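In UniProt numbering, the protein residues as written are 1 to 397.
Heads up, the beta-carbon is just placed ideally off N, CA and C, and yes, glycines get one too.
Predicted, not measured: the structure shown is a model, and the values here were computed from it.
First comes the structure, then the notes that go with it.
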């Protein structure tokens, strides 16, 4: 039997699954933050720091003001606080520790040169000497960054001009032979997994690939609410060939139910009978790498909102701006806001506001202003500043 959902029902189901609509009152404790991240199942990490590092934003968008240091402790803190680890989930990611056993198959594939960049796979075959040397250094010296290992004397080039030591560390990381113990600034510090990952997760019995993939797809379904095969596999970046087989198995076992969503050409899936709220009331500015919107085609299907990153687009060719955050108001994406943290000036700079409609309702306009002030306060900035030419009547009251 195939369930049927209207587009509005699918949208509400997706929003609730992603943790929107239940902003807690009072101070946010470690446990609330941990529960929210475990609900999402993955936080994408990105190096751009125009506003704040992206992995901090999803929790703020859902929970409101929390201490970013609490996330640091969950990710890179002492063993008793650590609940997350870094690996390739959805791109470079922070993931709940219980997913570590579910990704060992990916590490094994990487060690065999599968699922990684071709140049990295080639390095793994041709430069085993460098890999063994770097691994031995980490074993002897403990957590190290690539910079402290580099033997290169020439100036590094742009982008991916890595030293052999950096490349060796990246291969070892992909293969699961080292993991991230912490960060110095934004630089990864690598160490042996047995000195970072708790024994219960590190020594968990190896799962067969098909079982691990099924569990990852079920986590995706929980986090997305309702999703097509492509949506489900994209969440943890599974191969299409693996995903299609595993989803068929989950449907046959009754763990995923087929769903027809109004206006969607592809069949979707959900976990059990969907419990759909009558409405979702939530306003938030979303990171460009938020899991609600990172699959751009899904964002168009759910919200009728075409969103593309322009970070790497030449300035003259940008349509909306450099670091643009969609504005979620209740069940719709109503605006795009180009933001910067101008820390030296102590202000949150609004470089542009682009509306999806000709006019925002009074309620939405006030909610956007409140969201900007709340973001500035959370970032420790004194004011919200509108750049010349930004005119949205009464945006800041």
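Considering just the uninterrupted stretch of the alpha helix (DSSP H) at residue 378, what are its terminal residues?
Residues 362-378.
Whose C-alpha, out of 133, 94, 305, 90, is nearest the C-alpha of residue 82?
Comparing Cα-Cα distances from residue 82 to each of 133, 94, 305, 90, the minimum goes to 94.
Among 253, 188, 115, 176, which has the Cα closest to the Cα of residue 148?
Taking only the C-alpha atoms, the option nearest residue 148 is 188.
Just the C-alpha distance for residue 165 and residue 268, rounded to the nearest angstrom, thanks.
Going from the Cα of residue 165 to the Cα of residue 268 covers about 44 Å.
How close, in whole Å, do the beta carbons of residue 291 and residue 58 come, if the pair is a contact with beta carbons under 8 Å?
Yes, residue 291 and residue 58 are in contact; Cβ-Cβ is about 7 Å, under 8 Å.
On a CA-only basis, which of 194, 252, 98 is nearest residue 142? Give me that one, please.
The residue with the shortest Cα to Cα distance from residue 142 is 194.
So with Cβ pairs under 8 Å, would you call residue 135 a contact of chain D?
Looking for chain D here will not work: only one protein chain is present.
For residue 213, which residues of its own chain have a beta-carbon under 7 Å away from its beta-carbon, when the five flanking residues on both sides are left out?
Closer than 7 Å at Cβ, skipping near neighbours: 238, 242, 246.
List in chain order: all unbroken alpha helix (DSSP H) runs of 4+ residues lying wholly within the stretch 166-235.
The stretch 166-235 contains these whole alpha helix (DSSP H) runs: 199-202, 209-224, 229-235.
Ordered along the chain, which non-local residues of its own chain (more than five positions away) have a Cβ less than 7 Å from that of residue 276?
Excluding residues within five positions, the ones whose Cβ falls inside 7 Å are 9, 12, 13.
In this structure, how does DSSP classify residue 342 when only helix, strand and coil are distinguished?
Strand at residue 342.
Quick check: the stretch 27-37 against the stretch 60-69, are at least 3 beta-carbon pairs closer than 8 Å?
Result yes; three or more Cβ-Cβ pairs closer than 8 Å.
Below 8 Å, can you find three or more Cβ-Cβ pairs linking the stretch 326-340 to the stretch 287-307?
These segments touch.
Which word fits residue 231, buried or exposed, when buried means at least 16 other C-beta atoms lie within 10 angstroms of its C-beta?
The residue is buried, with at least 16 neighbouring Cβ atoms inside 10 Å.
According to DSSP, is residue 359 helix, strand or coil?
Residue state, collapsed to three classes: coil.
Starting from the C-beta of residue 34, find all residues in its chain whose C-beta is less than 7 Å away, skip the five residues before and the five after it, and write them out in chain order.
If we look at residue 34 and ignore the five residues flanking it on each side, its Cβ neighbours are 74, 83.
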